[in-house]
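Novice: Okay, handing you the structure first.
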Amino acid sequence: MRYGSTVPTVTRVIRDRIESGRYAHGSQLPSTRELADDFNVSGATITKAMQNLAADGLVVSKAKSSRIVHYPEGAAQTERGTTTVVVAIGGLAGTGKSEFGRILARLSGTAMVDKDTTTRAVVEASLEALGQLASDRESDTYLEVIRPAEYRALLMTLQENLECGISVVVSAPFTKELADRAWCDRLQALVTRLGGELHVVWVRCDPDTMRTYIQGRGAARDAYKLANWDAYLDGLDLDMRPEIEHTVIDNSAGAPPLEQQAAELLARIAR
């Protein structure tokens, strides 16, 4: 990366990384050689930049030339006095995941990250660039190229919120992911490593409600499902549940309102 070769410029960029939490309080900075390669400068430039940061109290030198970030103010802002919470909401198409996520976020005041909202425009443009219909969600191109990238982007967004000390509700089908115990373990490890607390939710509903949801949103990507409803329904595992501890939310006709179920979930999380 080329930010410039002057000591003030390098000092400024490293300071920005510390104050933004990319270099967290108490963590060890990359070595002089690694930073010199990163900025395309000499080791002497990095050494002088570190001296500037040490003079400002942002870096503490330890034995064997290691340097530790000292920015407790950032850690205090990140902690906010409470545990950072991640609620990962999964479920089949048309079960009401996004609605439940929005209700949960509105009640709790946390960030809301929905897969469709976050990635749809990029997904559609990418599919068209690859010669597919923007509405395609069935081809190998989508399933093997685009979909994995969607979920990587979603987890990167989740991670950035956690690094900033912000609780987050993440909504996506997660049908493949939550059925994979190894993936669930990796998600749990990521959230734990960043000081968060993970809660997984699975939203379900009866087939009639599911179809009503899908019809009501009028999305082009659902055309195949609706045109082949019986075959689509036969291909679903309506009894699927995540391979990790989770809460089931029922959005079937006759079930308690989603807002009531969201409030009950938040009360359990707060205990």
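Take any residue in the sequence shown, count from 1 to its spot, add 264: that is its number in this note's numbering.
We put the CB at the ideal spot given by N, CA and C, even for glycine.
Let me confirm a value: Thr348 is counted as buried when at least 16 other C-beta atoms fall within 10 Å, else exposed. Which label applies?
Specialist: Walking along the sequence shown from the start, residue 348 turns up at place 84. With 16 or more Cβ atoms within 10 Å of its Cβ, Thr348 is classed as buried.
Novice: Roughly how many whole angstroms lie between the Cα atoms of Glu402 and Glu283?
Specialist: In the sequence shown, residue 402 corresponds to position 138, counting from 1. In the sequence shown, residue 283 corresponds to position 19, counting from 1. If you take the alpha carbons of Glu402 and Glu283, they lie about 43 Å apart.
Novice: Expressed to the nearest angstrom, what Euclidean distance is found between the alpha-carbon atoms of Pro336 and Glu427?
Specialist: For the purposes of this step, residue 336 is taken as residue 72 along the sequence shown, with counting starting at 1. For the purposes of this step, residue 427 is taken as residue 163 along the sequence shown, with counting starting at 1. So the alpha carbons of these two residues sit roughly 14 Å apart.
Novice: Under 8 Å, do Gln452 and Ile513 count as touching if we go by C-beta distance?
Specialist: Numbered from its first residue, the sequence shown carries residue 452 at position 188. Numbered from its first residue, the sequence shown carries residue 513 at position 249. Contact: no.
Novice: Is it a yes or a no for the region 488-498 touching the region 379-396, going by three-plus beta-carbon pairs under 8 Å?
Specialist: As far as the Cβ criterion goes, the region 488-498 does not touch the region 379-396, which means the pair count is below three.
Novice: Which residues in the same chain have their Cβ closer than 7 Å to the Cβ of Arg344, if we skip the five residues on either side of it in sequence?
Specialist: The residue given as residue 344 occupies position 80 in the sequence shown. Unreliable placement is indicated for Arg344, whose pLDDT of 49 sits below 50; the coordinate value is still reported in the next sentence. The residues are Gly429.
Novice: Rounding to the nearest angstrom, what Cα-Cα distance links Leu530 and Ala413 in this structure?
Specialist: Start at 1 with the first residue of the sequence shown, and residue 530 comes out as number 266. Start at 1 with the first residue of the sequence shown, and residue 413 comes out as number 149. Taking the straight line from one Cα to the other gives about 30 Å.
Novice: Run through the region 349-427 for me and flag every whole beta strand (DSSP E) of 3 or more residues, listed as ranges in chain order.
Specialist: Correct list: 375-378.
Novice: I'd like to confirm the pairing. Which residues does DSSP put opposite Trp466 in its beta bridges?
Specialist: If you number the sequence shown from 1, residue 466 lands on position 202. According to DSSP, Trp466 bridges with Gly354, Val512.
Novice: Got a sec, what are the start and stop residues for the alpha helix (DSSP H) Ile282 sits in?
Specialist: Mapped onto the sequence shown, residue 282 falls at position 18. 271-283 is the extent of the alpha helix (DSSP H) around Ile282.
Novice: Which value, in whole angstroms, describes the spacing of the CA atoms of Pro521 and Leu458?
Specialist: Position 257 of the sequence shown, counted from the first residue, corresponds to residue 521. Position 194 of the sequence shown, counted from the first residue, corresponds to residue 458. Roughly 33 Å between the two C-alpha positions.
Novice: Just how far apart, CA to CA, sit Pro471 and Ser399?
Specialist: The residue you call residue 471 lines up with position 207 of the sequence shown. The residue you call residue 399 lines up with position 135 of the sequence shown. If I take the Cα positions, the gap works out to 22 Å.
Novice: Judging by CA-CA distance, which residue of Val409, Ala483, Arg485 is the nearest neighbour of Thr393?
Specialist: Counted from its first residue, the sequence shown places residue 393 at position 129. Position check: residue 393 holds Ala in this sequence, whereas Thr was assumed. Of Val409, Ala483, Arg485, the residue nearest in Cα terms is Val409.
Novice: In three-state terms, what does DSSP make of Glu461?
Specialist: Within the sequence shown, numbered from 1, the residue matching residue 461 stands at position 197. The answer is strand: DSSP assigns Glu461 an E or B state.
Novice: Just to confirm before moving on: does the CB-CB distance between Ser516 and Cys469 stay below 8 Å?
Specialist: As a first step, residue 516 must be located in the sequence shown, where it is residue number 252. As a first step, residue 469 must be located in the sequence shown, where it is residue number 205. A contact, by the Cβ cut-off of 8 Å.
Novice: Do you know offhand how far Trp447's Cα is from Leu293's?
Specialist: Taking the sequence shown and counting its residues from 1, the one referred to as residue 447 is at position 183. Taking the sequence shown and counting its residues from 1, the one referred to as residue 293 is at position 29. Approximately 29 Å, taken between the alpha carbons.
Novice: To the nearest angstrom, how far is it from the Cα of Met314 to the Cα of Ile278?
Specialist: As a first step, residue 314 must be located in the sequence shown, where it is residue number 50. As a first step, residue 278 must be located in the sequence shown, where it is residue number 14. The alpha-carbon atoms of Met314 and Ile278 are separated by roughly 9 Å.
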